[in-house]
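For the numbering used here, count along the sequence shown from 1 and bump the result up by 34.
Quick reminder that beta carbons are idealized off the backbone N, C-alpha and C, glycines included.
Quick caveat, the model's predicted, so the values are computed rather than measured.
These notes are about the structure you will find just below.
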Amino acid sequence: MPAPKDPEFRRRAVELARLREKPIAQIAKDLGIAESGLRRWMAQADIDEGHKPGLSIDERAELVRLRRENRTQAMEIEILKRASAYFARENVLSK
Numbered sequence: 035m036p037a038p039k040d041p042e043f044r045r046r047a048v049e050l051a052r053l054r055e056k057p058i059a060q061i062a063k064d065l066g067i068a069e070s071g072l073r074r075w076m077a078q079a080d081i082d083e084g085h086k087p088g089l090s091i092d093e094r095a096e097l098v099r100l101r102r103e104n105r106t107q108a109m110e111i112e113i114l115k116r117a118s119a120y121f122a123r124e125n126v127l128s129k
């Protein structure tokens, strides 16, 4: 898998493709990227700019962060439940 391109490269590639001076396939070939990748970048740029509905890059990153945080909290809650059950059982048995 090729290394991800930096955001500036992506932005410039999308700008070139939107000029429509050459076919998208030719622009992608000249830049050394896949045509489908360039089309995906163009679609994401449309979403980020508000031309199309969907999740922007920032919203997607926030969603990933929140899901990770949610998983962590769910694990912490499960650990606390087990610990409280353990200590409650110990308390009942010791009397």
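- Item | Own chain partners of I81 with C-beta closer than 8 Å, once the 5 adjacent residues on each side are dropped | P87, G88, L89 and S90
- Looking at the unbroken alpha helix (DSSP H) that takes in R73, where does it start and where does it end? E69 to D82
- Query: Residue range of the alpha helix (DSSP H) that D64 falls in?
  - Reply: I58 to L65
- Per DSSP, what kind of secondary structure is E42 in: helix, strand or coil? helix
- Quick one: is A47 buried, meaning 16 or more other Cβ sit within 10 Å of its Cβ, or exposed? buried
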